[in-house]
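Asker:
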Amino acid sequence: MDNKPFALFKSFSEELDPSELQRKFLHALLKLQNVERGSIWIKKGNKYRCIESAGRQCEKIKGAEIDEKQQSIVGWVIENASMTISNPNKDPRHYKEFEENLTVKSSLLLCFPLFLKSNKVYGAVQLIDTSPSKDRINLDKAYLYHIQDLINIGSLALSNAILFSKQQKETRALKNVLQEIRNGGVLIGHSPSFHSCMEVIRSYAITDYPVMITGESGTGKELVSHEIHGLGTRRDKPFLVQNCSAIPENLLESELFGYKKGAFSGAVKDKIGLFEAAEGGTVFLDEIGDMPMNLQARILRVIQNSEIKPLGETKVKKNRHKGNIRNQ
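Written as structure tokens, this is what we have:
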């Protein structure tokens with residue numbers, strides 16, 4: 065065997081896409097053994113799963129699974145960490161039912177284990193002769209040793225690519241979590257009091273009750289309100305926030321209740337308030353204790369009777385939005 069196959073298989077280490085690598089790996093082996101059908105299997109839990117297949121009706125093989133309790137050639141090779149040659153018509157290890165839906169059956173099987181750097185077997189590659197004469201596969205002992213050496217190179221490259229892909233997914237997931245934390249969208253804790261608080265949050269999230277959240281500045285009252293909103297049936301509806309201490313009384317009232325055109329100087333058109341805009345969602349009133357008492361009384365009408373009366377309006381509007389979250 066010349067050095068070209070070795071150079072080819074070494075080049076696989078530069079390919080980091082598992083799907084593309086396993087396709088190239090399998091087709092290179094099929095070419096070396098002059099056969100058209102083959103497959104790559106890995107062990108996942110208590111099953112052997114086909115992650116790549118080539119040849120006629122390969123779509124019926126790729127993605128298939130074999131239970132580890134079911135006798136099969138790939139299972140035997142993975143568990144025994146040894147290459148094997150099999151005549152499927154005579155070998156009791158062959159899972160004959162697997163080929164029932166294939167128009168062309170296997171006549172000779174050649175299966176090699178796939179090793180990690182630790183010499184632990186994580187899968188197997190199967191090369192299949194479907195010719196009636198069973199003479200396509202080169203069974204010369206020295207040639208098979210060369211093939212195993214090439215497979216060892218390819219299997220390391222494949223395992224590294226699979227690991228790299230897994231780490232990429234984990235990194236992306238971690239980045240998403242960190243981004244949520246930076247955006248203030250995640251509650252994290254492990255103390256008994258934290259878990260007790262989360263139980264209360266979950267219990268209120270499934271109700272329509274108004275909720276008052278109290279606590280010192282910086283203890284995460286707004287985070288709690290976000291969590292209640294996100295865990296409840298309102299999660300896909302608006303979440304609106306108003307700081308009651310950061311805006312003058314007259315402006316605060318119009319922000320919350322809205323106004324009719326002509327209600328005051330500058331009211332050139334109708335404007336809906338936060339309570340109406342958050343229909344079906346959540347309103348978080350920050351620092352509600354700083355709100356003037358007369359306006360708190362109007363808020364009480366919203367909470368108790370779901371009534372909204374915009375400035376300048378003569379009729380009361382009924383709002384289905386009952387569960388305003390309040391903060392003090």
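Just remember that the numbering used here sits 64 ahead of the position in the sequence shown, which is counted from 1. Where a beta carbon is used, it is the ideal one built from N, C-alpha and C, also for glycine. These numbers come from a predicted model, not from an experiment.
#1: By how many angstroms is the C-alpha of Tyr273 removed from the C-alpha of Gly387?
#2: Sort out for me which residues DSSP pairs Glu371 with in a bridge.
#3: Output needed for Gln392: all residues of its chain with C-beta closer than 7 angstroms, excluding positions within five of it in sequence on either side, in chain order.
#4: I need the DSSP call for Gln134, collapsed to helix, strand or coil.
#5: State the Cα-Cα distance for the pair Ser117 and Gln212, rounded to the nearest angstrom.
#6: Tell me the residue span of the beta strand (DSSP E) that contains Met276.
#7: DSSP three-state label for Gln190, please.
#8: Could you give the DSSP three-state label for Arg298: helix, strand or coil?
#9: Mind listing, in chain order, the continuous beta strand (DSSP E) runs of no fewer than 3 residues lying wholly within the region 71-130?
#10: State the beta-bridge partners of Asn307 as determined by DSSP.
#11: Counting only the same chain and skipping the five closest in sequence on each side, list residues whose C-beta sits under 8 angstroms from that of Glu123.
#12: Taking the alpha helix (DSSP H) that Ile201 falls in, what are its first and last residues?
#13: Excluding sequence positions up to five away, which residues of its chain have a Cβ less than 7 angstroms from the Cβ of Ser229?
#14: Give the secondary structure of Gly139 by DSSP, where H, G and I count as helix, E and B as strand, and everything else as coil.
#15: Going by the DSSP bridge assignment, what does Ser150 pair with across the sheet?
#16: Can you name the residues that DSSP bridges to Ile270?
#17: Whose C-beta lies closer than 6 angstroms to the C-beta of Val305 among residues of the same chain, with five residues either side of it excluded?
#18: Quick one: what does DSSP say Tyr323 is sitting in, helix, strand or coil?
#19: So, do the region 93-108 and the region 188-203 have three or more beta carbon pairs nearer to each other than 8 angstroms?
#20: Applying the criterion that 16 or more other CB atoms from any shown protein chain within 10 Å of the CB defines a buried residue, is Pro374 buried or exposed?
#21: Residue range of the alpha helix (DSSP H) that Phe339 falls in?
#22: Select from Glu340, Asp131, Ser195, Ile215 the residue whose C-alpha is nearest the C-alpha of Val25.
#23: Shortest alpha-carbon distance to Ser267 belongs to which of Val288, Gln86, Ala331?
#24: Of all the options Asn358, Asp155, Phe303, which has the alpha carbon lying nearest to the alpha carbon of Asn314?
#25: At the level of alpha carbons, what is the spacing between Leu214 and Ile226?
#26: Helix, strand or coil for Val241, going by three-state DSSP, please let me know.
#27: Just to confirm, are Leu203 and Ile252 a CB contact at a threshold of 8 angstroms?
#28: State whether the region 83-95 contacts the region 154-168, with contact taken as three or more CB pairs (one from each stretch) at a distance under 8 angstroms.
#29: Which residue from Thr297, Ile125, Tyr209, Ser195 puts its Cα closest to that of Val99?
Answerer: The answer reads as follows:
#1: Residue mapping note: residue 387 aligns to position 323 of the sequence shown, counting from 1. Residue mapping note: residue 273 aligns to position 209 of the sequence shown, counting from 1. Legend: pLDDT at Gly387 = 45, less than 50; position of this residue unreliable, no value from coordinates given.
#2: Translated into the one-based positions of the sequence shown, residue 371 becomes position 307. Answer is Lys382.
#3: Against the sequence shown, residue 392 aligns to sequence position 328. The pLDDT assigned to Gln392 is 47, lower than 50, so where the model puts this residue is not dependable, and the model offers no usable value.
#4: Here residue 134 refers to the residue found at position 70 when the sequence shown is read from its first residue. Of the three classes helix, strand and coil, the one that applies to Gln134 here is coil, per DSSP.
#5: Within the sequence shown, numbered from 1, the residue matching residue 117 stands at position 53. Within the sequence shown, numbered from 1, the residue matching residue 212 stands at position 148. One C-alpha to the other measures close to 19 angstroms.
#6: Reading the sequence shown from its first residue, position 212 is the one you call residue 276. First-last of the beta strand (DSSP E) with Met276: 275-277.
#7: Here residue 190 is taken as the residue at index 126 of the sequence shown, counted from 1. DSSP places Gln190 in strand when its eight states are reduced to three.
#8: The sequence position of residue 298 within the sequence shown is 234, counting from 1. In this structure, Arg298 counts as coil in the three-state DSSP scheme.
#9: 101-108, 111-118
#10: Taking the sequence shown and counting its residues from 1, the one referred to as residue 307 is at position 243. Within the DSSP secondary-structure output, Asn307 pairs in a beta bridge with Asp350.
#11: For the purposes of this step, residue 123 is taken as the residue at position 59 of the sequence shown. Ser117, listed in sequence order.
#12: To locate residue 201, count along the sequence shown from 1; it is residue 137. No alpha helix (DSSP H) holds Ile201; DSSP gives it neither H nor E.
#13: Numbered from its first residue, the sequence shown carries residue 229 at position 165. Pro82.
#14: As a first step, residue 139 must be located in the sequence shown, where it is residue number 75. Helix at Gly139.
#15: Along the sequence shown, read from residue 1 onward, the residue named residue 150 stands at position 86. Note: Ser150 sits in a beta bridge opposite Leu173.
#16: The residue you call residue 270 lines up with position 206 of the sequence shown. Paired residue(s): none; Ile270 is not in a bridge.
#17: Position 241 of the sequence shown, counted from the start, is the residue given in the question as residue 305. Around Val305, the same chain offers Phe348 as residues with beta carbons nearer than 6 angstroms, after the five sequence neighbours per side are excluded.
#18: Residue 323 sits at position 259 when you count from the first residue of the sequence shown. Three-state result, Tyr323: strand.
#19: yes
#20: By one-based count along the sequence shown, residue 374 stands at place 310. Buried, since its Cβ has 16 or more Cβ neighbours within 10 Å.
#21: Working through the sequence shown from its first residue, we reach residue 339 at position 275. Its alpha helix (DSSP H) spans residues 338-341.
#22: The chain is shown from 65 up to 392; residue 25 falls before or after that span and cannot be answered.
#23: One-based indexing of the sequence shown puts residue 267 at position 203. For the residues Val288, Gln86, Ala331, the minimum Cα distance to Ser267 belongs to Val288.
#24: For the purposes of this step, residue 314 is taken as the residue at position 250 of the sequence shown. That would be Asn358, whose Cα lies nearest to the Cα of Asn314.
#25: Here residue 214 is taken as the residue at index 150 of the sequence shown, counted from 1. Here residue 226 is taken as the residue at index 162 of the sequence shown, counted from 1. Each residue's Cα considered, the two are about 18 angstroms apart.
#26: Counted from its first residue, the sequence shown places residue 241 at position 177. DSSP places Val241 in helix when its eight states are reduced to three.
#27: Counting from 1 along the sequence shown, the entry for residue 203 is found at position 139. Counting from 1 along the sequence shown, the entry for residue 252 is found at position 188. No, Cβ-Cβ distance for Leu203 and Ile252 is not below 8 angstroms.
#28: no
#29: Reading the sequence shown from its first residue, position 35 is the one you call residue 99. Nearest C-alpha to Val99: Ser195.
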